[in-house]
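Protein sequences, first through last, are from chains S and L. According to numbering that gives the first Met the number 0, numbering within the first sequence proceeds without interruption in unit steps and concludes at 423. According to numbering that gives the first Met the number 0, numbering within the second sequence proceeds without interruption in unit steps and concludes at 138. Beta carbons: idealized from backbone N, C-alpha and C, even for Gly. Fair warning: this is a prediction, and the values are worked out from it, not measured in the lab.
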Amino acid sequence: MEQEHPALHYVQIDEKRCTGCVLCMKACPVKAIRVRDRKVAQIVGGCIDCGECIRVCPQGAIKAITTGSDPSKLSRYTIISASPVLYAQFGEEVMPNEVLLALRKRFKYIYDQAYIHELYNVAVELHIKENRGKEGAVRPLISPICPVVNRLIGYRFPSLLKHIIPIVTPREIAARELKRRLYCDRVFDTTEFGVYHITPCSAKMVSINDPMFLKASYLDGALGINEVYELIAKNLRDLEEDIILHRSSGVGIGWGVSGGEIAGLEDGSFLAVSGLSETIRYLEKIEMGLFEDIEYFEFRACLEGCIGGPLTVADRYQAKRTVAKFVRMFGQEKRLKYAQAKKAYQDGWFFSESKKIPIAAKHHKLSLSDALARQEKIEEVLRRLPGKECGLCGSPDCRTFSEDVADGLVGEDRCILLNLEKKR
Amino acid sequence: MPHLTKNYPIKARDYLKAGEVSIQVQGLLKSIGFTPELIRRVSLCAYEAEMNVVMHGGDGELTLDVDTDRVSLEFRDGGPGIEDIGLALQEGYSTASEEAREMGFGAGMGLPNIQKNSDSLEILSEKGKGTDVKIGFIA
Chain S
0 MEQEHPALHY VQIDEKRCTG CVLCMKACPV KAIRVRDRKV AQIVGGCIDC
50 GECIRVCPQG AIKAITTGSD PSKLSRYTII SASPVLYAQF GEEVMPNEVL
100 LALRKRFKYI YDQAYIHELY NVAVELHIKE NRGKEGAVRP LISPICPVVN
150 RLIGYRFPSL LKHIIPIVTP REIAARELKR RLYCDRVFDT TEFGVYHITP
200 CSAKMVSIND PMFLKASYLD GALGINEVYE LIAKNLRDLE EDIILHRSSG
250 VGIGWGVSGG EIAGLEDGSF LAVSGLSETI RYLEKIEMGL FEDIEYFEFR
300 ACLEGCIGGP LTVADRYQAK RTVAKFVRMF GQEKRLKYAQ AKKAYQDGWF
350 FSESKKIPIA AKHHKLSLSD ALARQEKIEE VLRRLPGKEC GLCGSPDCRT
400 FSEDVADGLV GEDRCILLNL EKKR
Chain L
0 MPHLTKNYPI KARDYLKAGE VSIQVQGLLK SIGFTPELIR RVSLCAYEAE
50 MNVVMHGGDG ELTLDVDTDR VSLEFRDGGP GIEDIGLALQ EGYSTASEEA
100 REMGFGAGMG LPNIQKNSDS LEILSEKGKG TDVKIGFIA
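In structure tokens:
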């Protein structure tokens with residue numbers, strides 16, 4: 000019953016480089032990869048663009064598509080909004096402002112998105128307060144920041160979609176405000192050059208093309224940190240300008256590491272979880288109705304948080320150390336006027352006109368009776384299989400293989416070990 | 000009519016794997032496509048009952064029975080049994096070990112929670128001979 004997923008994937012496998020080993024198929028947390036007839040890996044199911052396959056492929060055959068174009072071809076007037084994860088890529092000695100100045104040698108308009116994170120923290124705090132004690136309030140609430148987690152919830156935990164708070168993400172708020180401001184100041188028509196987000200995340204293009212809670216993204220594209228790394232490293236060697244572009248405190252910068260988002264929240268019970276397998280474990284338990292004592296979950300699909308994103312350059316643990324240093328250096332006090340942020344919240348600045356929630360997968364709809372019969376067949380096949388979880392059949396594990404057999408996608412004879420047993 | 004029966008072994012005192020069986024039950028019911036509300040009720044009860052076997056029971060087993068209109072769970076363990084079932088059904092009553100409490104379990108909400116979230120509950124237990132808990136749900 001598995002269907003070819005119609006949406007475009009931003010994680011793609013290069014068939015010429017793929018040798019047909021099973022590593023990506025085994026690593027895929029949603030079991031969306033198969034290695035079938037053509038002996039190369041194929042994405043068949045509901046890919047959530049997490050990038051786990053990118054990390055494990057020894058051939059470098061899997062890539063995340065960001066802008067789809069060469070960053071060197073972007074106009075000098077492209078507006079750049081940078082994730083603070085970028086600041087942690089050049090070691091402890093290179094300051095955030097220097098990174099932004101290095102970017103400014105290439106692009107005229109550079110924005111420190113970390114500042115919006117601090118405003119966003121205030122919005123979430125106010126939202127949690129509103130939720131408290133409300134009749135029929137959803138608990139726990141879930142952070143909408145990680146696009147992979149949003150897609151994971153859409154595919155595998157749709158009953159939890161209502162837990163995701165409907166606040167527009169900082170990257171989108173930053174892009175919206177940049178467009179408004181530059182347009183109002185009549186600097187130029189922003190439709191011409193666009194706002195690009197520098198990101199550690201392989202799923203950013205998905206969230207730009209199909210954003211949560213927005214009709215359309217304010218961003219025009221994403222650049223991987225790995226795509227701009229060399230440019231910045233080169234420009235860092237001779238910085239001429241001396242202006243201040245970095246505005247955030249340690250709170251906004253701290254967001255790069257797991258726990259950074261909730262560190263900016265005051266007064267409440269919050270929990271940060273990172274890594275896909277742990278995230279899935281927690282979502283399963285939240286779906287059972289556990290963890291109602293927690294008010295807000297910060298989930299990040301990448302281990303240790305966004306500094307572990309597939310498009311980063313620096314090692315995640317060294318980047319973590321760099322972030323920790325910046326958090327100390329720039330302090331734990333938000334650099335904003337609370338009353339102003341609160342008014343912005345009340346005026347709806349953090350919300351969108353749209354309530355659109357992308358549900359990535361159209362699940363097959365069988366009648367309960369047919370679905371139960373299918374499950375019976377799956378269990379029956381599974382009982383016959385040797386349970387070695389080898390993946391030689393081209394499905395990631397014995398259970399998924401049983402599902403593929405029950406759905407008529409492959410024959411049971413594809414199990415090599417079962418065939419060997421029969422010959423004996 | 001299609002009908003599914005499946006057994007899951009549960010190991011006593013194995014806190015590392017505790018909860019695993021109920022997560023498997025949850026996954027199975029999800030792939031069949033029951034309503035989220037039913038799945039939440041069944042998996043929550045499964046979780047509480049599984050934790051009871053892990054905390055108090057000897058090694059045990061869950062039998063899951065699924066029809067299109069009902070789901071039932073039967074937990075059997077060879078543990079010490081429940082001395083006073085009426086008392087065990089009271090909120091906050093707990094005989095959990097220090098070890099279990101240190102891990103955040105044993106708040107005495109297990110059986111009351113099951114009673115609240117199921118459509119039928121039957122407990123058979125004899126001191127020294129183990130416990131049999133049957134939990135039914137109408138789909």
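- Identified DSSP bridge partners for Pro8 (chain L): L:Glu60
- Message: Suppose you measure from the CA of Ala232 (chain S) to the CA of Cys46 (chain S); what does that come to, to the nearest Å?
- Response: 33 Å
- Task: Whole angstroms is fine: what's the gap from Pro35 (chain L)'s alpha carbon to Phe212 (chain S)'s?
- Result: 23 Å
- Query: Are the C-beta of Ala370 (chain S) and some C-beta of chain L separated by less than 7 Å?
  - Reply: yes
- Query: Considering Ala81 (chain S), what are the terminal residues of the beta strand (DSSP E) in which it resides?
  - Reply: 78-81
- Message: Considering just the uninterrupted stretch of the alpha helix (DSSP H) at Asp403 (chain S), what are its terminal residues?
- Response: 397-405
- Message: Mapping the DSSP letters down to three states, classify Tyr108 (chain S) as helix, strand or coil.
- Response: strand
- Query: Which chain L residues sit within Cβ distance under 9 Å of Gly330 (chain S)?
  - Reply: Going along chain L, no residue has its Cβ under 9 Å from Gly330 (chain S), so there is no contact; the nearest lies around 34 Å.
- Item | Host alpha helix (DSSP H) of Lys126 (chain L) (start-end) | No alpha helix (DSSP H) holds Lys126 (chain L); DSSP gives it neither H nor E.
- Query: DSSP on Tyr9 (chain S), reduced to helix/strand/coil?
  - Reply: coil
- Query: In the structure shown, what three-state DSSP assignment does Ala360 (chain S) receive?
  - Reply: For Ala360 (chain S), the predicted model reports a pLDDT of 47, less than 50, meaning its position is unreliable and no value from the coordinates is stated.
- Item | Residues near Gly149 (chain S) by beta carbon distance below 6 Å, same chain, minus five either side | Sequence inspection shows Asn at residue 149 (chain S); the Gly mentioned does not correspond to that position. Once the five neighbours on either side are set aside, the close Cβ partners of Asn149 (chain S) are Met211.
- Query: What are the start and end residues of the alpha helix (DSSP H) that includes Gln23 (chain L)?
  - Reply: 19-31
- Task: Mark Tyr195 (chain S) as exposed unless 16 or more other C-beta atoms lie within 10 angstroms of its C-beta, in which case mark it buried.
- Result: buried
- Item | Contact between the stretch 120-131 of chain L and the stretch 73-81 of chain L (3+ Cβ pairs under 8 Å) | yes
- Query: Roughly how many whole angstroms lie between the Cα atoms of Glu411 (chain S) and Ile377 (chain S)?
  - Reply: 11 Å
- Message: I'd like to know whether the C-beta of Gly386 (chain S) is nearer than 7 Å to at least one C-beta of chain L.
- Response: no
- Hey, Val205 (chain S) and Pro146 (chain S): beta-carbon distance below 7 Å or not? yes
- Message: Taking its Cβ as the centre, do 16 or more other Cβ atoms sit within 10 Å of Asn234 (chain S), making it buried, or is it exposed?
- Response: buried
- Out of S:Ala221, S:Val137, S:Gly153, state which residue places its alpha-carbon closest to the alpha-carbon of Ala174 (chain S). S:Ala221
- Query: How is the alpha helix (DSSP H) around Ile261 (chain S) delimited, first residue to last?
  - Reply: 259-262
- Listed in chain order, which residues of the stretch 3-17 of chain L have Cβ atoms closer than 8 Å to some Cβ of chain S? Leu3, Lys5
- Keeping to the same chain, check which residues put their C-beta closer than 8 Å to that of Glu1 (chain S); ignore five residues upstream and five downstream. Note on Glu1 (chain S): pLDDT 37, under 50, position unreliable in the model; the coordinate value appears next. Val43, Gly44, His363, Glu402, Asp403, Asp406, Leu408.
- Considering only residues of the same chain and omitting the five flanking positions on each side of Thr62 (chain L), which have a CB-CB separation below 6 Å? Asn6, Glu73
- Query: In angstroms, rounded to a whole number, what distance separates the CA positions of Lys361 (chain S) and Ile224 (chain S)?
  - Reply: Because the pLDDT of Lys361 (chain S) is 48, which lies under 50, any placement of that residue in the model is unreliable, and the number read from its coordinates should be weighed accordingly. Approximately 32 Å, taken between the alpha carbons.
- Task: With a cut-off of 8 Å on the beta carbons, I'd call Asp48 (chain S) and Ala202 (chain S) a contact; round off their distance for me.
- Result: 4 Å
- Name the residues in the stretch 65-89 of chain L whose C-beta lies less than 8 Å from a C-beta of chain S; which are they? Val65, Asp66, Thr67
- With distances taken from CA atoms, which of S:Ser158, S:Pro199, S:Leu160 is nearest Pro309 (chain S)? S:Pro199
- Query: Where does the unbroken beta strand (DSSP E) through Lys62 (chain S) begin, and where does it stop?
  - Reply: 61-63
- Message: Based on DSSP bridge pairs, tell me the residues matched to Gln114 (chain L).
- Response: In the DSSP output, where bridge partners are listed per residue, Gln114 (chain L) has none listed.
- Task: Could you give the DSSP three-state label for Gln345 (chain S): helix, strand or coil?
- Result: helix
- Item | Residues that DSSP places opposite Ile42 (chain S) in a beta bridge | S:Ile32
- Query: So is Leu110 (chain L) in contact with chain S if we call contact Cβ pairs under 7 Å?
  - Reply: no
- Message: Taking the alpha-carbon of Asn120 (chain S) as reference, which of S:Phe400, S:Asn208, S:Gln331 has the nearest alpha-carbon?
- Response: S:Gln331
- What residues from chain L crowd round Gly288 (chain S), counting only those whose CB sits closer than 7 Å? Arg39, Leu43
- Message: By alpha-carbon positions, which one of L:Ser93, L:Gly105, L:Ser30, L:Leu88 ends up nearest to Glu121 (chain L)?
- Response: L:Leu88
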